[in-house]
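Numbered per our numbering, the sequence shown finishes at 408, counting up by one with no gaps. Just so you know, even glycine gets a beta-carbon here, dropped at the ideal spot from N, CA and C. Keep in mind the model is a prediction, meaning the values are calculated, not measured. So the structure is just underneath, and the comments pick up after that.
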Amino acid sequence: MGATTSVHRTIDAVWRMESAKVIAALARYVRDVGLAEEMAQDALVAALEQWPVEGVPKNPGAWLMTTAKRRAIDQIRRRENLSRKVEEIGRDVQEAAPDASEGIEDEIGDDLLSLMFTACHPVLGTEARVALTLKMLGGLKTEEIARAFLVSDSTVAQRIVRAKKALADAGVPFEVPEGPELATRLASVLEVIYLIFNEGYSATQGDHWMRPELCAEALRLGRVLAELAPKEAEVHGLVALMEIQASRAKARTAPDGTPILLLEQDRAKWDWLLVGRGLTALERAEALNQPPGPYYVQAALAACHARARRPEDTDWRRIASLYEVLARLSPSPVVELNRAVALSMAYGPAAGLALVDEIAGAKALQGYHLLPSVRGDFLVKLGRTDEARAEFEKAAGLTRNEREKALLLDRAAACAT
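Encoded structure:
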């Protein structure tokens, strides 16, 4: 039993590392990511059946690849109009032994990039893109995705099935887009990766403020994308942003799980290796001399905090000016709310409160718990504690995260005393 369990753990680890490559390579042949994913799953089932008996092969990734391609031959042989593809895949299988990987890595980069663009295609809704990306590129099981986002297994399974059908119905090509379409499609890929990271960094609901496994997966995907698309400044900008934000993970919560705000964190607990990686990624983005994009600007903002070893050393005026740039690139009330915080730190709480009151009626901020939370903070600094308490209580009623709710109620209570 122990040996079988050990082999199953090995299979899980190999699947996490190799599944995206297998799916991507198959999709290049069959031109259908849904079918490619099913064939890859068949190879996984075969591994679960054979490896505990026969032992783990010397090159488990190549074994999965070859087995999946053989499954592809079996499927395609049933389609008379795809006989040419049978010959093409057949030659590939004949040329590669089960435990050899020659020829695979030559094209796997393009295949993975194509898979990213396909899984994150704008024809899909946001939730579908996230689920499909975690499934196909992250190698996560349906139940793992469901647990991460606090939804049922069946909900995630339906999202994935519908997403694959939508891609097939729309005839989405398995390729890296070119020309004007590239920027739009790349933005969709970056959005999905950052959504995954943000859900891990500040969970929207549940008992925990962070879900580190999602942050780690988003970082891995971002780093892979940076290797595959090294000349895209926004890719490096996103990686820089995630690296720097992730560096604060151990300082963001107390031992009992209570959130600790940025300016109150012990910066000695920041992961300075991640900070260094983030600043290096930001330098790569700058070196490309491309017009600044939203992720690059957000990374530059994060870098301002990362470079300040003490909160009082933070260059708030630069941060306020960077938020002005971000507001022009991605105008939104949420960006303006962040700019208000920077203005308050640079020029006093009255300046921040003035901007908050100016944007308070924005539709996008209705029901957004950070609006009353930020307003309450400004009111405390201005000595208007009764008003501040009401704002913190309002914010606590709006958040779905239990840790954050407790923090806001504590701040409200502090106003009363």
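Inset, instruction - Take Pro302 and list the residues in its own chain whose beta-carbon comes closer than 6 Å to its own, dropping the five residues that flank it on each side. - result: For the purposes of this step, residue 302 is taken as residue 311 along the sequence shown, with counting starting at 1. Here the set comprises Leu254.
Legend entry - CA nearest to the CA of Met56, picked from Gln357, Ala34, Leu398, Gln66: Along the sequence shown, one-based indexing puts residue 56 at 65. For the residues Gln357, Ala34, Leu398, Gln66, the minimum Cα distance to Met56 belongs to Ala34.
Legend entry - Pairwise C-alpha distance: Pro363 and Ala240: As a position in the sequence shown, residue 240 is number 249, starting the count at 1. As a position in the sequence shown, residue 363 is number 372, starting the count at 1. Cα atoms of Ala240 and Pro363: separation of roughly 25 Å, rounded to the nearest angstrom.
Inset, instruction - Quick one: which unbroken alpha helix (DSSP H) runs of 4-plus residues sit fully inside the segment 312 to 355? Chain order, please. - result: Every alpha helix (DSSP H) of 4 residues or more that sits fully in the segment 312 to 355 is shown, in chain order, as 324 to 338, 340 to 350.
Legend entry - Rounded separation between Ser321 and Val(-2) - CA only: Position 330 of the sequence shown, counting from 1, holds the residue named residue 321. Position 7 of the sequence shown, counting from 1, holds the residue named residue -2. Straight-line Cα distance between these residues: approximately 48 Å.
Legend entry - Alpha carbon of Pro48 to alpha carbon of Arg7, nearest angstrom: Against the sequence shown, residue 48 aligns to sequence position 57. Against the sequence shown, residue 7 aligns to sequence position 16. Each residue's Cα considered, the two are about 16 Å apart.
Inset, instruction - Return helix, strand or coil for Thr244, following the three-state DSSP convention. - result: Along the sequence shown, one-based indexing puts residue 244 at 253. In this structure, Thr244 counts as strand in the three-state DSSP scheme.
Inset, instruction - Run the CB neighbour count on Gly162, radius 10 Å, all protein chains shown included, and call it buried at 16 or more, exposed below. - result: The residue you call residue 162 lines up with position 171 of the sequence shown. Result: exposed.
Inset, instruction - Just confirm the distance between the C-beta atoms of Ala209 and Tyr287, as a whole number of angstroms; I'd bet it's less than 8 Å. - result: Position 218 of the sequence shown, counted from the start, is the residue given in the question as residue 209. Position 296 of the sequence shown, counted from the start, is the residue given in the question as residue 287. Not really, about 17 Å apart at Cβ, beyond 8 Å.
Legend entry - Spatial distance of Val180 from Val230 (CA atoms): For the purposes of this step, residue 180 is identified with residue 189 of the sequence shown, where counting begins at 1. For the purposes of this step, residue 230 is identified with residue 239 of the sequence shown, where counting begins at 1. If I take the Cα positions, the gap works out to 13 Å.
Inset, instruction - Figure out for me which residue from Cys206, Lys155, Glu172, Glu29 has the closest Cα to the Cα of Ile14. - result: Numbered from 1 along the sequence shown, position 23 holds the residue referred to as residue 14. Selected option, being the one with the closest Cα: Glu29.
Legend entry - 8 Å contact criterion, which Thr133 and Ala148 should meet: CB distance rounded: Residue 133 sits at position 142 when you count from the first residue of the sequence shown. Residue 148 sits at position 157 when you count from the first residue of the sequence shown. Correct: roughly 5 Å between the Cβ atoms.
Legend entry - Counted within 10 angstroms of its Cβ, other Cβ atoms place Ala407 as buried (16 or more) or exposed: The sequence position of residue 407 within the sequence shown is 416, counting from 1. By the beta-carbon neighbour count (other beta carbons within 10 angstroms, threshold 16), Ala407 is exposed.
Inset, instruction - In angstroms with no decimal places, state the Cα-to-Cα distance between Thr124 and Arg380. - result: Residue numbering aside, residue 124 sits at position 133 when the sequence shown is read from its first letter. Residue numbering aside, residue 380 sits at position 389 when the sequence shown is read from its first letter. Straight-line Cα distance between these residues: approximately 42 Å.
Inset, instruction - Compare the beta carbon distance of Leu219 and Gly100 with 8 Å and say whether it is the shorter of the two. - result: The residue labelled residue 219 in the question sits at position 228 within the sequence shown. The residue labelled residue 100 in the question sits at position 109 within the sequence shown. Taking 8 Å as the cut-off, the Cβ atoms of Leu219 and Gly100 count as close.
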